[in-house]
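In numbering that gives the first Met the number 0, the protein residues as written are 0 to 327.
Working notes, beginning with the structure itself.
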Amino acid sequence: MATDEEISEKLKEFLRSSDLSTTTTGAVRRYLEAEFGADLSHKKGFIREQVDLFLRTELNANGEEEAKEEEVGEDGFEDGKSGSDNGEEEEEEEEGEEEEEEEEQEPSGNSARKKRRMNKSSNKEEKKRAGGGFTKLCSLSPDLQNFVGETTLARTEVVKRIWVYIKENDLQDPKNRKKIICDEKLKKLFNVNAIDMFQMNKALTKHIWPLEDGDSSYATGTSSKSKGTEKPQKIEKKSEGKKIGATGLMMPLQLSEELINFLGTGETSMARTDVVKRMWAYIKENDLQDPSDRRNIICDEKLKELLKVDSFLGFSMTKLLVPHFIKE
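Here you go:
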């Protein structure tokens, strides 16, 4: 039987060479099962944790989490230390469900490896079929287009570019690095004089829209006749895209009323990873980690009301959150 360390290493190898816009935890597990020749269904939780850890330490560390280096839990992450140091990396971002990923008909076993090898040549086709994932291209509002100089970008790339701009222009409040003092360019984008990290994440939802197949034709300047014929297809593909694209590890999910109230942003849907990040930010801000064992979370009244427990281990948080993600 493969050890956790061996599973973790193979998982990282697979993700580093995979197209993250189409890869899901279900596909990762099936690849690992083929590699080790064993059923790893009992390791689903561990695999989810390791995928989240990989995203934190290797995908997001380059940009979206730059802000996190200044505090202790931006956007829901923690310092960019290695995940296995004291268990905090693993515990902070575990996704709570796997059902959607199990449904997505990814190739299993050796075919997963074959797909990975053929990834580059079939990249365009794969993206069209998957329509979701970590690095999915999105359509940008005119204001955001002016800011970043692009018409389409992945959300993670938008955040990275904004943080590069913030760093280059020294816009973080020296007294509170989580707070951004907006210059004229940022004021025009966010319509505020100052903004914190969570508010920025929420504000960006107004500027980042799902990219439909029809949008690409508009960007390339097709004729009005061509546009007219594509419009009905555009509506059709949108509904189809929702069905096929509802995979990937960062798919937005409907939130329960209790969770909406807890987060306090008014957002009714959010990716599990984003919810977990915000939960951890709340825990850090309110100093709810047990000083004698920081993996243990002591609930305040607000957390008790949401999770219905007095305390819990950090890595089990996403299991407690499962009832608050509503399946449509």
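Even for Gly, the Cβ is constructed at its ideal location relative to N, Cα and C.
Predicted model, so just to flag it, every value in this text is computed and none were measured.
Would you kindly work out how many angstroms separate the C-alpha atoms of residue i and residue j, rounded to a whole number?
| i | j | result |
| --- | --- | --- |
| ARG293 | PRO141 | 44 angstroms |
| PRO173 | ALA26 | 43 angstroms |
| ILE325 | PHE146 | 35 angstroms |
| LEU252 | GLU156 | 21 angstroms |
| SER268 | ILE194 | 21 angstroms |
| ALA270 | LEU254 | 9 angstroms |
| ARG29 | VAL50 | 13 angstroms |
| GLU149 | LEU143 | 8 angstroms |
| ARG37 | ALA1 | The amino acid at residue 37 is misidentified as Arg; the sequence shows Ala. The alpha-carbon atoms of ALA37 and ALA1 are separated by roughly 8 angstroms. |
| LYS80 | LYS307 | Note that LYS80 has pLDDT 38, beneath the 50 cutoff, so the model's placement of it is unreliable and no number is given. |
| GLN198 | LEU52 | 24 angstroms |
| GLU266 | TRP279 | 18 angstroms |
| LYS175 | PRO290 | In the sequence as presented, Lys is not what sits at residue 175; that position holds Asn. The alpha-carbon atoms of ASN175 and PRO290 are separated by roughly 23 angstroms. |
| LEU188 | CYS137 | 17 angstroms |
| GLU256 | ASP286 | 25 angstroms |
| LYS127 | GLU300 | Bear in mind that the predicted position of LYS127 carries a pLDDT of just 43, short of 50, making it unreliable; the figure below should be weighed with that in mind. Cα to Cα, the separation comes out at about 45 angstroms. |
| LYS205 | PHE13 | 34 angstroms |
| ILE161 | ASN190 | 15 angstroms |
Along the chain, where does the beta strand (DSSP E) that runs through residue i open and close?
| i | result |
| --- | --- |
| MET269 | 268–270 |
| SER310 | 310–312 |
| PRO173 | Counting along the chain, PRO173 falls outside any beta strand (DSSP E), and DSSP gives it neither H nor E. |
| LEU152 | 151–153 |
| ASN295 | 292–297 |
| PRO209 | 207–209 |
| ASP195 | 193–195 |
| LEU254 | 251–254 |
Which whole-angstrom value is the C-beta distance of residue i and residue j, which I expect to be below 8 angstroms?
| i | j | result |
| --- | --- | --- |
| LEU170 | LEU185 | 7 angstroms |
| GLU34 | LYS11 | Wrong, their Cβ atoms sit about 12 angstroms apart, outside the cutoff. |
| LEU210 | THR151 | 6 angstroms |
| ILE6 | LYS43 | So it is not a contact: roughly 12 angstroms between Cβ atoms. |
| VAL274 | LEU312 | Not quite, the Cβ-Cβ distance comes to about 18 angstroms (not below 8 angstroms), so this is no contact. |
When you compare the CB positions of residue i and residue j, do they come within less than 8 angstroms of one another, or not?
| i | j | result |
| --- | --- | --- |
| THR24 | ILE46 | yes |
| LEU262 | ILE207 | no |
| LEU258 | LEU305 | yes |
| ALA153 | LYS135 | yes |
| LYS201 | THR264 | yes |
| CYS181 | ASN192 | yes |
| GLU32 | LEU39 | yes |
From which residue to which residue does the alpha helix (DSSP H) around residue i run?
| i | result |
| --- | --- |
| SER7 | 3–15 |
| ASP142 | 141–147 |
| MET316 | 316–320 |
| THR204 | Counting along the chain, THR204 falls outside any alpha helix (DSSP H), and DSSP gives it neither H nor E. |
| GLY265 | That residue, GLY265, is in no alpha helix (DSSP H); it is neither H nor E in DSSP. |
(message) Within 8 angstroms, do at least three Cβ pairs link the stretch 308–317 to the stretch 281–297?
(response) Taking a cut-off of 8 angstroms for Cβ pairs, the stretch 281–297 and the stretch 308–317 touch, as three or more such pairs fall below it.
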